[in-house]
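Visitor:
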Amino acid sequence: ARYDDPLLEEAGLVIVQGDEGPEQKRYDRFRDRIMFPIRSVKGEVIGFGGRVLDAGEPKYLNSPETPVFVKGRELYGLYEARASLREKGYALVVEGYMDVVALAQWGFGNAVATLGTACTADHVKKLLRFTDHVVFSFDGDAAGRRAAARALEAALPHVNDLRTFRFLFLPAEHDPDSYVREFGQASFEDQVSAAVPLSAQLVHQCSEGLDLTQAEGRARMLAQARPLWSALPSCALKTQILAALARTAEMPLDELSRLWGLSAGPSNKPSRPGWSARSAPASPARPLTRTPQDQLVRILMANAGLWDSLSPEDHELLSEVPSWQGLALQWLERTLTDQGVQEWPVLRQQLAEQAEPFAEKVLQLIDGSDIVITTSAEDLGSALQQLRRSLTLEKADTLRLLGRR
Numbered sequence: 029a030r031y032d033d034p035l036l037e038e039a040g041l042v043i044v045q046g047d048e049g050p051e052q053k054r055y056d057r058f059r060d061r062i063m064f065p066i067r068s069v070k071g072e073v074i075g076f077g078g079r080v081l082d083a084g085e086p087k088y089l090n091s092p093e094t095p096v097f098v099k100g101r102e103l104y105g106l107y108e109a110r111a112s113l114r115e116k117g118y119a120l121v122v123e124g125y126m127d128v129v130a131l132a133q134w135g136f137g138n139a140v141a142t143l144g145t146a147c148t149a150d151h152v153k154k155l156l157r158f159t160d161h162v163v164f165s166f167d168g169d170a171a172g173r174r175a176a177a178r179a180l181e182a183a184l185p186h187v188n189d190l191r192t193f194r195f196l197f198l199p200a201e202h203d204p205d206s207y208v209r210e211f212g213q214a215s216f217e218d219q220v221s222a223a224v225p226l227s228a229q230l231v232h233q234c235s236e237g238l239d240l241t242q243a244e245g246r247a248r249m250l251a252q253a254r255p256l257w258s259a260l261p262s263c264a265l266k267t268q269i270l271a272a273l274a275r276t277a278e279m280p281l282d283e284l285s286r287l288w289g290l291s292a293g294p295s296n297k298p299s300r301p302g303w304s305a306r307s308a309p310a311s312p313a314r315p316l317t318r319t320p321q322d323q324l325v326r327i328l329m330a331n332a333g334l335w336d337s338l339s340p341e342d343h344e345l346l347s348e349v350p351s352w353q354g355l356a357l358q359w360l361e362r363t364l365t366d367q368g369v370q371e372w373p374v375l376r377q378q379l380a381e382q383a384e385p386f387a388e389k390v391l392q393l394i395d396g397s398d399i400v401i402t403t404s405a406e407d408l409g410s411a412l413q414q415l416r417r418s419l420t421l422e423k424a425d426t427l428r429l430l431g432r433r
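Numbering (the working numbering), first residue to last: 29 to 433.
1. At which residue ranges does the stretch 180-221 contain complete alpha helix (DSSP H) runs of 4 or more residues, listed in the order of the chain?
2. Is the beta carbon of Val442 sitting closer than 7 Å to the one on Leu131?
3. Sort out for me which residues DSSP pairs Thr94 with in a bridge.
4. For Arg54, name the three-state secondary structure that DSSP assigns.
5. How long is the line joining the alpha carbons of Arg101 and Lys154, rounded to whole angstroms?
6. DSSP three-state call for Gly293: helix, strand or coil?
7. With Ser165 as the anchor, note down where its beta strand (DSSP E) starts and where it stops.
8. Quick one: using the 10 Å Cβ neighbour count with 16 as the cut-off for buried, is Val369 buried or exposed?
9. Less than 7 Å between the beta carbons of Val152 and Ala182, yes or no?
10. Who are the Cβ neighbours of Pro86 in its own chain at under 8 Å, not counting the five residues just before and after it?
11. If you measure between the beta carbons of Asn90 and Gly144, is that distance less than 7 Å?
12. Expressed to the nearest angstrom, what Euclidean distance is found between the alpha-carbon atoms of Asp56 and Tyr107?
13. So what does DSSP say about Leu415, is it helix, strand or coil?
14. May I ask you to verify whether the stretch 350-359 touches the stretch 319-328, counting CB pairs closer than 8 Å and requiring at least 3?
15. Measuring CB atoms only, is the stretch 180-194 touching the stretch 127-142, in the sense that at least three cross pairs come out at less than 8 Å?
16. In whole angstroms, give me the CA-to-CA distance for Gly78 and Arg191.
17. With C-beta atoms as the reference, is Arg248 less than 7 Å away from Ala277?
18. Taking the alpha-carbon positions, what's the Thr148 to Leu408 distance?
19. In the DSSP assignment, find the alpha helix (DSSP H) that holds Ala264 and state where it starts and stops.
20. So Leu226 packs on Arg174, CB below 8 Å; how close in whole Å?
21. With DSSP as the reference, label Pro280 as helix, strand or coil.
22. Hey, could you find the ends of the beta strand (DSSP E) Gln45 is sitting in?
23. Please state if the CB of Tyr118 and the CB of Tyr104 are separated by a distance shorter than 7 Å.
24. Keeping to the same chain, check which residues put their C-beta closer than 7 Å to that of Asn188; ignore five residues upstream and five downstream.
25. Which class does Gly237 belong to by DSSP, given the choice of helix, strand or coil?
26. When DSSP builds the beta bridges, which residues end up paired with Leu120?
27. CB-CB under 8 Å to His202, same chain, minus the five flanking residues each way: which ones, in chain order?
28. Could you give the distance in angstroms between the alpha-carbon of Leu120 and the alpha-carbon of Leu238?
29. For the alpha helix (DSSP H) containing Val374, list its first residue and its last residue.
30. Quick one: grab the DSSP three-state call for Tyr21.
31. Report all residues from its chain with a CB closer than 6 Å to the CB of Gly333; omit the five preceding and five following residues, and keep chain order.
32. Do Glu348 and Leu419 have their CB atoms nearer than 7 Å?
33. To the nearest angstrom, how far is the alpha carbon of Val54 from that of Ser68?
34. Here's the rule: buried if 16 or more other CB atoms are within 10 angstroms of the residue's CB, otherwise exposed. What is Pro301?
35. How about Ser165 and Val129: are their beta carbons less than 7 Å apart?
36. Under a three-way DSSP split, which group does Leu89 fall into?
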């Protein structure tokens, strides 16, 4: 391409100063820098990174964002790491492309790097296409701790019981490049093996700097943990983390559950097979609405994890639900598709922010009633059967009325 080609400017390779004309200046953005091609997951070069050769600043420079290069979505080295991700069984996320290069030389071809931004949910989502196990590596200084906090927030919506996210903190004076060069491959492997699991990192992050021997410190820890915990999809790990937070706060699990508007917590008594634990209402319940549509909205809103158990025939049936209940189920499907499974307190908050009339009706239906937090698949199946019969009768009535005309 010619040096005055507008595409060079659009791609971020050339910087233009001044208006068009003889006074306009164009110069190479990456002059005097070592160039690192940034590839998409398909192998296409979509941007560049450049490291300065002398003591100039900034030390590292990336291409600006373009129509094909968005830093919050791309990971340096992911295209090259695909085979190693399968061999190693996990992805190692670091903060710089020099770390990726050094680690690859020392046997860690599964390393990838963010591109001058914090780790985002899009980064995590992209990695999970290749592996269910992710290790985030950070420097042990304050900046590394802040980066870890952002990575934790990015990972939370993608947690389930088959995925693992761990957090590796190197000594404050080291990054992965310097550490592996000084101590070697085996020592770095040991660091990876000792990485902190997400559950422990969440509790530690919310407790850091607080005096947990005092009630005020424990209360602040819970206040900081609640939005993070709420971002977790419904899964066994979420329940385990709630229990860990209760232990750290020196509070019974059922009290913390009530404080956060959840069920009273799991009973210590063994339950009979096929039965699910039900929480007793804190106050006299309003009479249950008797329509099958209302019951399905009640069950699926309070137990969104059951949505994945619905068959294609069930989804077709739900698409026929009329009135505000149908709108509520459509909203729930969109929300779960975009965000993953969410607990009722999270869905309730989102509904409260909706301006649609159906949202108010859902809140009226569920709030203050004897809502069952742990409904079984059998309860859902029964409600679906009732709905199917109800809609069939309605159609038959409609046909009879039409036949009389």
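Built from N, CA and C at the ideal position, the CB exists for glycine as well.
Guide: In brief:
1. 204-221
2. A question about residue 442 goes unanswered here, because the residues of the chain that appear run from 29 up to 433.
3. Position 66 of the sequence shown holds residue 94. Paired residue(s): Phe97.
4. Against the sequence shown, residue 54 aligns to sequence position 26. Of the three classes helix, strand and coil, the one that applies to Arg54 here is strand, per DSSP.
5. What you label residue 101 is simply residue 73 of the sequence shown in a count that begins at 1. What you label residue 154 is simply residue 126 of the sequence shown in a count that begins at 1. If I take the Cα positions, the gap works out to 8 Å.
6. Counting from one through the sequence shown, the residue named residue 293 turns up at place 265. Unreliable positioning characterises Gly293 in this predicted model, as indicated by a pLDDT of 40, which lies under 50. A coordinate reading is not provided.
7. As a working mapping, residue 165 is identified with position 137 in the sequence shown. First-last of the beta strand (DSSP E) with Ser165: His161 to Phe166.
8. In the sequence shown, counting from the first residue as 1, residue 369 sits at position 341. It counts as buried.
9. Walking along the sequence shown from the start, residue 152 turns up at place 124. Walking along the sequence shown from the start, residue 182 turns up at place 154. The answer is yes: Cβ separation under 7 Å.
10. Locating residue 86 in the sequence shown gives position 58, where the first residue counts as 1. Same-chain partners within the cutoff: Val80.
11. For the purposes of this step, residue 90 is taken as residue 62 along the sequence shown, with counting starting at 1. For the purposes of this step, residue 144 is taken as residue 116 along the sequence shown, with counting starting at 1. Their beta carbons are under 7 Å apart, which means Asn90 touches Gly144 by this criterion.
12. What you label residue 56 is simply residue 28 of the sequence shown in a count that begins at 1. What you label residue 107 is simply residue 79 of the sequence shown in a count that begins at 1. Roughly 26 Å separates the two Cα atoms.
13. Position 387 of the sequence shown, counted from the first residue, corresponds to residue 415. The answer is helix: DSSP assigns Leu415 an H, G or I state.
14. yes
15. no
16. One-based indexing of the sequence shown puts residue 78 at position 50. One-based indexing of the sequence shown puts residue 191 at position 163. In a straight line, the C-alpha of Gly78 is about 34 Å away from that of Arg191.
17. As a first step, residue 248 is located in the sequence shown; it is residue number 220 there, counting from the start. As a first step, residue 277 is located in the sequence shown; it is residue number 249 there, counting from the start. Against a cut-off of 7 Å, the Cβ pair of Ala277 and Arg248 comes out as no contact.
18. In the sequence shown, counting from the first residue as 1, residue 148 sits at position 120. In the sequence shown, counting from the first residue as 1, residue 408 sits at position 380. Going by the C-alpha atoms only, they are around 35 Å apart.
19. If you number the sequence shown from 1, residue 264 lands on position 236. Taken as a continuous stretch (DSSP letters only), the alpha helix (DSSP H) holding Ala264 covers Ala264 to Thr276.
20. Taking the sequence shown and counting its residues from 1, the one referred to as residue 226 is at position 198. Taking the sequence shown and counting its residues from 1, the one referred to as residue 174 is at position 146. Not a contact, Cβ separation roughly 17 Å.
21. Taking the first residue of the sequence shown as position 1, residue 280 is located at position 252. Correct three-state label for Pro280: coil.
22. Here residue 45 is taken as the residue at index 17 of the sequence shown, counted from 1. Start and end: Val42 to Gln45.
23. For the purposes of this step, residue 104 is identified with residue 76 of the sequence shown, where counting begins at 1. For the purposes of this step, residue 118 is identified with residue 90 of the sequence shown, where counting begins at 1. Cβ distance not < 7 Å, so Tyr104 and Tyr118 don't count as in contact.
24. Taking the sequence shown and counting its residues from 1, one reaches residue 188 at position 160. Excluding sequence neighbours, Asn188 sits near Pro261 and Cys263.
25. On the sequence shown, residue 237 is found 209 positions in, with the first residue counted as 1. Three-state DSSP puts Gly237 in coil, outside helix and strand.
26. For this step, residue 120 is matched to residue 92 along the sequence shown. Leu120 pairs with Ala139 and Val163.
27. As a position in the sequence shown, residue 202 is number 174, starting the count at 1. Closer than 8 Å at Cβ, skipping near neighbours: Asp167, Gly168 and Glu210.
28. Numbered from its first residue, the sequence shown carries residue 120 at position 92. Numbered from its first residue, the sequence shown carries residue 238 at position 210. Approximately 30 Å, taken between the alpha carbons.
29. Here residue 374 refers to the residue found at position 346 of the sequence shown. First-last of the alpha helix (DSSP H) with Val374: Trp372 to Ala380.
30. Beyond the ends of the chain as shown, which are 29 and 433, falls residue 21; an answer cannot be given.
31. Along the sequence shown, one-based indexing puts residue 333 at 305. Hits under 6 Å: Ser262 and Val369.
32. Mapped onto the sequence shown, residue 348 falls at position 320. Mapped onto the sequence shown, residue 419 falls at position 391. Result yes, Cβ atoms of Glu348 and Leu419 sit closer than 7 Å.
33. In the sequence shown, the residue the question calls residue 54 occupies position 26. In the sequence shown, the residue the question calls residue 68 occupies position 40. Note that residue 54 is Arg in the sequence shown, not Val. Cα to Cα, Arg54 sits roughly 27 Å from Ser68.
34. Locating residue 301 in the sequence shown gives position 273, counting from the first residue. Legend: pLDDT at Pro301 = 39, less than 50; position of this residue unreliable, no value from coordinates given.
35. Locating residue 165 in the sequence shown gives position 137, counting from the first residue. Locating residue 129 in the sequence shown gives position 101, counting from the first residue. The answer is no: Cβ separation not under 7 Å.
36. Along the sequence shown, read from residue 1 onward, the residue named residue 89 stands at position 61. DSSP places Leu89 in strand when its eight states are reduced to three.
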